[in-house]
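In the UniProt record's numbering, the protein residues as written are 1 to 150.
Even glycine gets a Cβ: it sits at the ideal position worked out from N, Cα and C.
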């Protein structure tokens, strides 16, 4: 196993590697929409944890009713989003982040991914880059109409 310090260093190496990969593909990390969604409750995120690799449109609010309301606005445009993103996009109105809180999630998931499988990093980078490109574009297509109802 790895010490806490070794794990931290591996995570830093992974995300630095993803930044380089993105730059090589023509996207600086600062050019992704991510937190600049213009909808307070919405963030686009990358994650790699013990459950796999994720590319996420996350809906988060302290008020469950607000979180559900925003998520339901996206659900109204599910056919448009699904057409752009494909059948492997998952929708969960109440996704519990272990030990933390409930959020709404529209996401891609790569099962079995592990930050400790360095030999697989290139495939994880490809997954995250390609899926975020698709999800971000779908988000931008519906953002204005979702924003009107929020």
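Three-state secondary structure (DSSP) of residue i
i: residue 92; result: strand
i: residue 1; result: coil
i: residue 70; result: helix
i: residue 43; result: strand
i: residue 102; result: strand
i: residue 26; result: coil
i: residue 58; result: strand
i: residue 108; result: strand
i: residue 115; result: coil
Burial state of residue i, where buried means 16 or more other Cβ atoms lie within 10 Å
i: residue 35; result: exposed
i: residue 54; result: buried
Cβ-Cβ distance between residue i and residue j below 8 angstroms
i: residue 56; j: residue 105; result: yes
i: residue 59; j: residue 46; result: no
i: residue 124; j: residue 140; result: no
i: residue 97; j: residue 11; result: no
i: residue 67; j: residue 149; result: no
i: residue 88; j: residue 95; result: no
i: residue 44; j: residue 147; result: no
Reference residue i, options the options, closest by Cα
i: residue 48; options: 146, 120, 138; result: 120
i: residue 112; options: 50, 44, 74, 4; result: 50
i: residue 117; options: 5, 107, 30, 14; result: 14
i: residue 32; options: 144, 143, 133; result: 133
i: residue 65; options: 99, 44, 78, 93; result: 93
i: residue 143; options: 77, 9, 86, 4; result: 77
i: residue 100; options: 62, 28, 4, 52; result: 62
i: residue 52; options: 138, 108, 137; result: 108
Spell out a yes or no on whether the stretch 16-24 and the stretch 121-135 are touching, meaning 3 or more CB-CB pairs, one atom from each, closer than 8 angstroms.
yes
Does the pairing of the stretch 26-42 with the stretch 80-88 give three or more beta-carbon distances under 8 angstroms?
no
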